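Enquirer: These protein sequence lines map, in sequence, to chains A, B, C and D. Residue numbers for the first sequence follow my numbering, beginning at 1 and rising by one. Residue numbers for the second sequence follow my numbering, beginning at 1001 and rising by one. Residue numbers for the third sequence follow my numbering, beginning at 2001 and rising by one. Residue numbers for the fourth sequence follow my numbering, beginning at 3001 and rising by one. Each residue gets a CB set at the ideal place from its N, CA and C atoms; glycine is no exception. Everything numeric in this text was worked out from a predicted model, so none of it was measured.
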Amino acid sequence: MTAALTLGSQAKLAAEFGLSTDEYALAQQIMGREPNVTELGIFSVMWSEHCSYKSSKKYLRELPTTAPWVVCGPGENAGVVDIGGGRVAVFKMESHNHPSYIEPFQGAATGVGGILRDVFTMGARPVANLNSLRFGSPDHPKTRRLVSGVVAGIGGYGNCVGVPTVGGECTFHPRYNGNILVNAMTVGIADKDKIFYSKAAGIGNPVVYVGSKTGRDGIHGATMASAVFGADAEAKRPTVQVGDPFTEKLLIEACLELMATDAIVAIQDMGAAGLTSSSFEMAGKGGLGLEMNLDDVPQRETGMSAYEIMLSESQERMLMVLHEGREEEARRIFAKWELDFAVVGRLNNTGRLVLRHHGKIEADMPIAPLSEASPVYDRPVKRTAPKPALAAASVAAPADYAKALRTMLASPDLASKRWIWEQYDHMVMADTIQRPGGDAAVVRIHGTKSALALTADCTPRYCEADPVMGGRQAVAEAWRNLTATGARPLALTDCLNFGNPQRPEIMGQFVGCLEGIADACRALDFPIVSGNVSLYNETDNVAVLPTPSIGGLGLLDDSDKMATVALKADASDLVLIGATAGHLGSSIFLREITGSEAGSPPPVDLAAERRNGDFVRGLITAGKVRASHDVSDGGLYVAVAEMAMAGRRGAALTVPAGTVPLHAWLFGEDQARYVLEVDPNGSAALLESAQKAGIPAVRIGRTGGVTLTVNGDWPISVADLRSAHEAWLPEYMSRQ
Amino acid sequence: MKAAVIVFPGSNCDRDVAVALERATGTAPAMVWHRNTDLPKVDLIVLPGGFSYGDYLRSGAMAAHSPIMRAVAERANAGVAVLGICNGFQILTEAGLLPGALMRNTGLHFICRDVHVKVENAQSAFTSRYAAGQVLRIPIAHADGNYRADAETVARLEGEGRVAFRYVTEGGEAAEASNPNGSLRNIAGVLNAKGNVLGLMPHPERVIEPALGGSDGAAFFTGMAEALG
Amino acid sequence: MKARVHITLKNGVLDPQGKAIANALGGMGFAGVQGVRQGKFIELQIAETDRAKAEAQVKSMCERLLANTVIENYAVELVD
Amino acid sequence: MKARVHITLKNGVLDPQGKAIANALGGMGFAGVQGVRQGKFIELQIAETDRAKAEAQVKSMCERLLANTVIENYAVELVD
Ligand SMILES: Nc1ncnc2c1ncn2[C@@H]1O[C@H](COP(=O)(O)OP(=O)(O)O)[C@@H](O)[C@H]1O
Ligand SMILES: [Mg+2]
Chain A
1 MTAALTLGSQ AKLAAEFGLS TDEYALAQQI MGREPNVTEL GIFSVMWSEH
51 CSYKSSKKYL RELPTTAPWV VCGPGENAGV VDIGGGRVAV FKMESHNHPS
101 YIEPFQGAAT GVGGILRDVF TMGARPVANL NSLRFGSPDH PKTRRLVSGV
151 VAGIGGYGNC VGVPTVGGEC TFHPRYNGNI LVNAMTVGIA DKDKIFYSKA
201 AGIGNPVVYV GSKTGRDGIH GATMASAVFG ADAEAKRPTV QVGDPFTEKL
251 LIEACLELMA TDAIVAIQDM GAAGLTSSSF EMAGKGGLGL EMNLDDVPQR
301 ETGMSAYEIM LSESQERMLM VLHEGREEEA RRIFAKWELD FAVVGRLNNT
351 GRLVLRHHGK IEADMPIAPL SEASPVYDRP VKRTAPKPAL AAASVAAPAD
401 YAKALRTMLA SPDLASKRWI WEQYDHMVMA DTIQRPGGDA AVVRIHGTKS
451 ALALTADCTP RYCEADPVMG GRQAVAEAWR NLTATGARPL ALTDCLNFGN
501 PQRPEIMGQF VGCLEGIADA CRALDFPIVS GNVSLYNETD NVAVLPTPSI
551 GGLGLLDDSD KMATVALKAD ASDLVLIGAT AGHLGSSIFL REITGSEAGS
601 PPPVDLAAER RNGDFVRGLI TAGKVRASHD VSDGGLYVAV AEMAMAGRRG
651 AALTVPAGTV PLHAWLFGED QARYVLEVDP NGSAALLESA QKAGIPAVRI
701 GRTGGVTLTV NGDWPISVAD LRSAHEAWLP EYMSRQ
Chain B
1001 MKAAVIVFPG SNCDRDVAVA LERATGTAPA MVWHRNTDLP KVDLIVLPGG
1051 FSYGDYLRSG AMAAHSPIMR AVAERANAGV AVLGICNGFQ ILTEAGLLPG
1101 ALMRNTGLHF ICRDVHVKVE NAQSAFTSRY AAGQVLRIPI AHADGNYRAD
1151 AETVARLEGE GRVAFRYVTE GGEAAEASNP NGSLRNIAGV LNAKGNVLGL
1201 MPHPERVIEP ALGGSDGAAF FTGMAEALG
Chain C
2001 MKARVHITLK NGVLDPQGKA IANALGGMGF AGVQGVRQGK FIELQIAETD
2051 RAKAEAQVKS MCERLLANTV IENYAVELVD
Chain D
3001 MKARVHITLK NGVLDPQGKA IANALGGMGF AGVQGVRQGK FIELQIAETD
3051 RAKAEAQVKS MCERLLANTV IENYAVELVD
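#1: To be precise: take each residue of the stretch 3003 to 3019 of chain D, compare its Cβ to all Cβ atoms of chain B, and keep it if any distance is under 8 Å. Which residues remain?
#2: Give the interface partners of residue 1038/B over in chain A, defined as CB-CB distance under 8 Å, in chain order.
#3: Of the residues that make up the stretch 3019 to 3044 of chain D, which ones have a beta carbon closer than 8 Å to any beta carbon in chain B?
#4: For residue 3071/D, which three-state DSSP category applies?
#5: Does the contact criterion of 3 or more C-beta pairs under 8 Å hold for the stretch 2063 to 2079 of chain C versus the stretch 2009 to 2022 of chain C?
#6: At 8 Å on the CB atoms, spell out the chain A contacts of residue 1016/B, in chain order.
#7: DSSP puts residue 170/A in a beta bridge; with which residues?
#8: How far does the beta strand (DSSP E) with residue 2002/C in it extend, from its first residue to its last?
#9: Roughly how far, in whole angstroms, is the beta-carbon of residue 185/A from the beta-carbon of residue 91/A, given that I think they are within contact range, below 8 Å?
#10: Would you identify the three-state DSSP class for residue 235/A, choosing helix, strand or coil?
#11: Which residues in the same chain have their Cβ closer than 6 Å to the Cβ of residue 3018/D, if we skip the five residues on either side of it in sequence?
#12: Are the C-beta of residue 314/A and some C-beta of chain D separated by less than 9 Å?
#13: Determine the DSSP secondary structure at residue 224/A, reduced to helix, strand or coil.
#14: Comparing the C-beta of residue 1099/B with each C-beta of chain C, is any distance below 9 Å?
#15: Residues of chain D with CB under 9 Å from residue 979/B, in chain order?
#16: For the stretch 1131 to 1157 of chain B, which segments carrying the beta strand (DSSP E) assignment without a break, of at least 3 residues, lie completely within its bounds, in sequence order?
#17: Would you list, in sequence order, the uninterrupted alpha helix (DSSP H) runs of no fewer than 4 residues that lie entirely inside the stretch 46 to 71 of chain A?
#18: Going by DSSP, name the residue or residues bridged to residue 1116/B.
#19: Let's see if you can read the secondary structure: which residues bound the beta strand (DSSP E) around residue 357/A?
#20: I want to know whether the stretch 3045 to 3063 of chain D touches the stretch 2042 to 2062 of chain C - three or more CB-CB distances under 8 Å.
#21: Are any of the Cβ atoms in chain D nearer than 9 Å to that of residue 253/A?
#22: Does any CB atom of chain C fall closer than 9 Å to the CB of residue 1008/B?
#23: Using CA coordinates, which residue listed in 301/A, 259/A and 174/A is at the minimum distance from residue 215/A?
#24: How many angstroms separate the CA atom of residue 1107/B from the CA atom of residue 1179/B?
#25: According to DSSP, is residue 1016/B part of a helix, a strand, or is it coil?
#26: Quick one: does residue 2068/C have its CB under 9 Å from some CB of chain B?
#27: Evaluate the contact criterion for the stretch 52 to 67 of chain A versus the stretch 507 to 514 of chain A: three or more CB pairs, one atom per stretch, below 8 Å.
#28: What residues in the stretch 1061 to 1091 of chain B have a beta carbon less than 7 Å from any beta carbon of chain D?
#29: What is the C-beta distance between residue 277/A and residue 45/A, in whole angstroms, given that I count them as a contact (C-beta under 8 Å)?
#30: Does the stretch 333 to 350 of chain A touch the stretch 289 to 298 of chain A, meaning 3 or more C-beta pairs lie closer than 8 Å?
#31: With a threshold of 9 Å between beta carbons, is residue 2071/C in contact with chain B?
#32: For residue 560/A, which residues from the same chain have a beta carbon less than 6 Å from its beta carbon, with the 5 sequence-adjacent residues on both sides left out?
#33: Taking Cβ to Cβ, would you say residue 450/A is nearer than 9 Å to residue 437/A?
#34: Assuming residue 166/A and residue 441/A form a contact by the criterion Cβ under 8 Å, report the distance between their Cβ atoms to the nearest whole angstrom.
#35: Check the Cβ of residue 1182/B against every Cβ in chain C and list those closer than 9 Å, keeping chain order.
#36: Across the stretch 513 to 524 of chain A and the stretch 470 to 477 of chain A, are there enough close Cβ pairs to call them in contact, namely three or more that are closer than 8 Å?
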């Protein structure tokens, strides 16, 4: 097959594989000869944006990634932080955007499968999943089917493996019409002294393949030119990856069982670029060589070529290096769980990857030069000019405040996402002590009093209006959502979704967002320990809104002290923490009520975030808070309404004298704010202590009754708000 | 009470139910791998929730043919208490130890939420700590919980008091709106003729302490511990 | 030998999936859909080469595993 | 008119269900099961009486709803 190719066609093939002319020349130089098809395929995936981070690397290096409690930052399969008691949390977020657009159910399902593997590869038992979803306009003809398929796929996979899906976010915007975003996050827990890494070691040690068999799944579609692969196009065409959560569940149990022994030297899941990236990464990190016999790779289909075996993205597979002599013990465990197990190669000291197939050498390439020489681009950057500020006075007040509130609560972005999370088993493992619907989900660390708080956040419209501020805000909101439960935010993972990096404006968004993220991480002591970059989310020059999803993790030492958003009692005082300037630019009010997306986003004062948040956490920990909620999308009025709906009781808001215009007070999205429900007998002391600490704090109302009012006006029944808020998504999904 | 929990490939509530059993009895149950052919001497056998064999083909179908199920059937016939929760209920019907079948929910979606169920039979060893007619709040989490049986079977179940739990409103009424999955006559759990085998879709093991959002399931386990010695 | 098995719900057993499909088709504007029943179609490749034995074997698979005879019927067909 | 639709996974697409069924059959002692593929079988009762129109209608249903053509093939058959 390859022999028939001329040199010219090899260069053409390289181009089809997505290698630039320069990259191809570099590949030839590294090889000292013309790479064959298999080798070219390996170059193309190893140097792809997905594996090499060639457009983003320069900026990712700038992110804060350390703290005393960080055990392992970016670079491994997932990030690791110390959560006390000899345990660590292992977590990461990853995108599966394109596959989910092509085949929503399987795309989303395999996205969940992939991120789970990243976590249990490190020896952690997965304990929670989250997902961050962005769809096109609800009116777009494809949206409903995509929502339905993605949600069913996430649930179908997570429910089956028995890991609770406890939170996430889901919003809609026309800019995602042609490119939806499906970001999945997994959190696991491991013993601190039993973390597994991917660095291979030990010359002569066996390299072992476990899990499902390899098929022609997901082989880089565009590269499959029929001229190269002959006339048998139907059989050779790459196929969509189908998830097999049952096998994944077995793989989790089998891997954890083997990890309880000391047979494993290194382990790596086969994710994007399957066997290629896993073998290169393991051998590369160890500075070793590796020879594999592809005949030994378990295969689902007949007649697979070396190229296909190396590039297959079949799911539910792992590659491990075992200590010599431990093969039989490991084989027995995988046999018990009815999974394939095969020794496919051995480590050596050559620094080269050699692949044999049907008695022939199909590839022989140097590992380090290929990984180290992986191109890094300093792409042209055109910074985004932030949208100009918008004065609150220039925005018309609504005729009916309560009606505006109701409209907003029933708008796609603010509407309840119950229809989604009820399709997810969010309680399996019986440690979910804060279910979806609040600020952050809280999952108890099994058998202890402490718990993890988990959230996923990003406000893409802010990132579009001002990338730096948007980046800061995404981190700040995640930090705030954790804080609002009483948790101490520890670290975050990110999934950076942007358009085509070859356009300077897109790089401008990327660089701006990263700058904002880094600022916030530093100011809040909230480092990034893992992440993922997804570029080229763009169709016909329409890019998605810049969407750096943030997955935050926090720790509650005593889960009995956890706070929730639901109002707990009548006649409590409501206290607003944080300053209100009435910022309406880029707000939900502006978009949903006045139809405009104008204005700069609210400024994020990171010092104020930290001060206010630390103060609120202190109050929660001291048991002085009955309910707590951060103020974000929709502003204060929406935040109070959410507390009222969750607690099924009313509240009377009283606007403090001398403040900003009423609509700006109610709907402004000023940051660093929280609403607290507190004992009325303690509120004076609380306000006093806030004043001493320099924290803006003001009494804004009282709980009780069945309606929500503002200065005694605009009564609206909480039950009515609740039904409007709950109805939008199920009604939308049931329309044909 | 000594208990055994059967672990099938794909079980995922095995640990949850073991925790609930240990909390109620003070002793950890024996965890028995599905490929075993014999069971320890126990007073209670639990088939836990989850997705045995991925729920592929039909929920519970493949697990019903696991090697251990022969021993489970023998013990059930000998009068030992056997409890199937969710997937365990599906396995018991597929194995013929309980009548009927659990089909796809009428809404076709997987549903995870709290529902209200009424204790219809408080005489069994499983429900002795509850009062007849008591309404419990317990979560469900399933895609195939739509209970079906032919008219004759249903009449027999009703006549013999073998409907153990029914989906009801908070006020205890078996209304259509309180039926989450389309089950015939809002049936949420059934007993075998001898009363020693129970299958139910809701998950009592998920609500055994207030921190988990409810404790209505706790009496299920303490009741069994008491009744089964 | 190859066997094709059709598994269908017995008459009178309510078919939630079929009903949902019928509703969805109606909602999409397909007029005149009077009823939909969803079943399974399973293809098996088996080593047995004797037709009679193969048929008996596949029927036994249906009875024991592939179909739930409380609610389902099955039909076995052998191909070559 | 009645239409019978077979929906099967495309060649090469992983069939986790089929794989699990094959394993289970093996475990139950059925020897010689070399492969199992699971598909769907849908029967529709439609008002259309013209064969050509009926076929076109059902094919359109397959394209738009019944089959997921990214991973599945379908075949339509009309009965009487
Ligand atoms: N895709 C989803 N999956 C699971 N839970 C979700 C999803 N989308 C939203 N939620 C839940 O709905 C609640 C509200 O979400 P959101 O408005 O994003 O919260 P916040 O503004 O506090 O970040 C949260 O508890 C969140 O976890
Ligand atoms: Mg929040």
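Expert: The structure says:
#1: Going along the stretch 3003 to 3019 of chain D in chain order, one finds 3016 and 3017 with a Cβ nearer than 8 Å to chain B.
#2: Position 38 of the second sequence holds residue 1038/B. None at all; the shortest Cβ gap to chain A is about 18 Å.
#3: So the list reads 3020, 3021, 3024, 3027, 3028 and 3038, given in the order they occur along the chain.
#4: Position 71 of the fourth sequence, counted from the first residue, corresponds to residue 3071/D. Under the three-state reduction of DSSP, residue 3071/D is assigned to coil, being neither helix nor strand.
#5: Short answer: they touch.
#6: To locate residue 1016/B, count along the second sequence from 1; it is residue 16. Neighbours of residue 1016/B in chain A, taken as residues at a C-beta separation under 8 Å, are given in chain order as 428, 429 and 430.
#7: Here residue 170/A refers to the residue found at position 170 when the first sequence is read from its first residue. Paired residue(s): 133/A.
#8: To locate residue 2002/C, count along the third sequence from 1; it is residue 2. Unbroken beta strand (DSSP E) run through residue 2002/C: 2002 to 2009.
#9: Here residue 185/A refers to the residue found at position 185 when the first sequence is read from its first residue. Here residue 91/A refers to the residue found at position 91 when the first sequence is read from its first residue. That pair is a contact at about 7 Å.
#10: Here residue 235/A refers to the residue found at position 235 when the first sequence is read from its first residue. Note that residue 235/A has pLDDT 47, beneath the 50 cutoff, so the model's placement of it is unreliable and the number below is only indicative. Reduced to three states, the DSSP call for residue 235/A is helix.
#11: Your numbering for residue 3018/D matches position 18 in the fourth sequence. Non-local C-beta neighbours of residue 3018/D in its own chain, meaning closer than 6 Å and more than five positions away in sequence, comprise 3036, 3037 and 3038, ordered along the chain.
#12: As a first step, residue 314/A is located in the first sequence; it is residue number 314 there, counting from the start. Among the CB atoms of chain D, one or more fall inside 9 Å of the CB of residue 314/A.
#13: Numbered from its first residue, the first sequence carries residue 224/A at position 224. Its pLDDT being 40, under 50, residue 224/A is placed unreliably in this model, and the coordinates cannot settle the point.
#14: Within the second sequence, residue 1099/B is the residue found at index 99, counting from 1. Residue-level contact by beta carbon holds for residue 1099/B and chain C, with a gap shorter than 9 Å.
#15: Since the first residue of chain B shown is 1001 and the last is 1229, residue 979/B is not available in this structure.
#16: Taken in chain order, the unbroken stretches of beta strand (DSSP E) that lie wholly in the stretch 1131 to 1157 of chain B and span 3 residues or more are 1135 to 1142 and 1146 to 1148.
#17: Runs of the alpha helix (DSSP H) inside the stretch 46 to 71 of chain A: 49 to 52 and 57 to 60.
#18: On the second sequence, residue 1116/B is found 116 positions in, with the first residue counted as 1. DSSP output for residue 1116/B lists 1137/B and 1168/B as bridge partner(s).
#19: Start at 1 with the first residue of the first sequence, and residue 357/A comes out as number 357. Where residue 357/A is concerned, the enclosing beta strand (DSSP E) starts and stops at 352 to 357.
#20: The stretch 3045 to 3063 of chain D is not in contact with the stretch 2042 to 2062 of chain C.
#21: By 1-based counting over the first sequence, the position of residue 253/A is 253. No - not a single Cβ of chain D is within 9 Å of the one on residue 253/A.
#22: For the purposes of this step, residue 1008/B is taken as the residue at position 8 of the second sequence. Taking CB atoms only, residue 1008/B has no neighbour in chain C less than 9 Å away.
#23: For the purposes of this step, residue 215/A is taken as residue 215 along the first sequence, with counting starting at 1. The residue with the shortest Cα to Cα distance from residue 215/A is 301/A.
#24: Reading the second sequence from its first residue, position 107 is the one you call residue 1107/B. Reading the second sequence from its first residue, position 179 is the one you call residue 1179/B. Taken atom to atom, the span from the alpha-carbon of residue 1107/B to that of residue 1179/B is near 11 Å.
#25: Translated into the one-based positions of the second sequence, residue 1016/B becomes position 16. Helix.
#26: The residue labelled residue 2068/C in the question sits at position 68 within the third sequence. Closer than 9 Å: yes.
#27: These segments touch.
#28: Cβ contacts with chain D: 1062 and 1065.
#29: Along the first sequence, read from residue 1 onward, the residue named residue 277/A stands at position 277. Along the first sequence, read from residue 1 onward, the residue named residue 45/A stands at position 45. That belief holds up - the Cβ atoms of residue 277/A and residue 45/A are roughly 7 Å apart, short of 8 Å.
#30: A contact exists between the stretch 289 to 298 of chain A and the stretch 333 to 350 of chain A.
#31: The residue given as residue 2071/C occupies position 71 in the third sequence. The C-beta of residue 2071/C comes closer than 9 Å to at least one C-beta of chain B.
#32: Counted from its first residue, the first sequence places residue 560/A at position 560. If you ignore the 5 residues before and after residue 560/A, its C-beta comes within less than 6 Å of no other C-beta in its own chain.
#33: Position 450 of the first sequence, counting from 1, holds the residue named residue 450/A. Position 437 of the first sequence, counting from 1, holds the residue named residue 437/A. No; because the gap between Cβ atoms is not below 9 Å, this pair is not in contact.
#34: Here the question's residue 166/A lines up with position 166 in the first sequence. Here the question's residue 441/A lines up with position 441 in the first sequence. Residue 166/A to residue 441/A, Cβ: 4 Å. Contact.
#35: In the second sequence, the residue the question calls residue 1182/B occupies position 182. For a Cβ distance threshold of 9 Å, residue set 2014 and 2016 of chain C lies close to residue 1182/B, ordered along the chain.
#36: Touching, yes, given that three or more Cβ pairs across the two stretches are closer than 8 Å.
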